[in-house]
Amino acid sequence: MRTLLFALSGLLLLPTVATAQSAEFTYNSYKRDIKKQLDYGWEELQAADASSTQEARCRHASSAVYSYKQAAQISETMTQILSHSGGEYHDAAVAMRDAARDVAQTVENLYNQKCG
20 MRTLLFALSG LLLLPTVATA QSAEFTYNSY KRDIKKQLDY GWEELQAADA SSTQEARCRH
80 ASSAVYSYKQ AAQISETMTQ ILSHSGGEYH DAAVAMRDAA RDVAQTVENL YNQKCG
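In this note's numbering, the protein residues as written are 20 to 135.
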């Protein structure tokens, strides 16, 4: 009987392990997509800084705003998906979402000031 209970308790833990692995995979997948958007946004900001005309600077800055907003949207989606699993991946997703929102808003504010 003791062996049966031990085996049964082991089976009950399997969904938890599978859920944790699924959360990790989801988190890493979305994190990769967010990083791509952030990297592209950074490249656009550098291109804007190096541009010689106001029109070119604003065009690059507009692309950066779009890219950073995409990163914020992806992080929001990731947070919603991971909200069901909770735990460390959800907590990290919330922190990433908040940071992505802040960066997107800051870049958009700068764009509005410079390019209105």
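We put the CB at the ideal spot given by N, CA and C, even for glycine. As the structure is a computational prediction, the values presented were derived from the model and not from experiment.
Asked, Found
"Rounded to a whole number of angstroms, what is the C-alpha to C-alpha distance between threonine 96 and tyrosine 108?", "13 Å"
"Is alanine 80 closer than 8 Å to alanine 119 when the C-beta atoms are compared?", "no"
"What did DSSP end up calling serine 94 once you bin it into helix, strand or coil?", "helix"
"Would glutamate 74 be called buried (16 or more neighbouring beta carbons within 10 Å of its own) or exposed?", "exposed"
"Roughly how many whole angstroms lie between the Cα atoms of valine 84 and lysine 55?", "14 Å"
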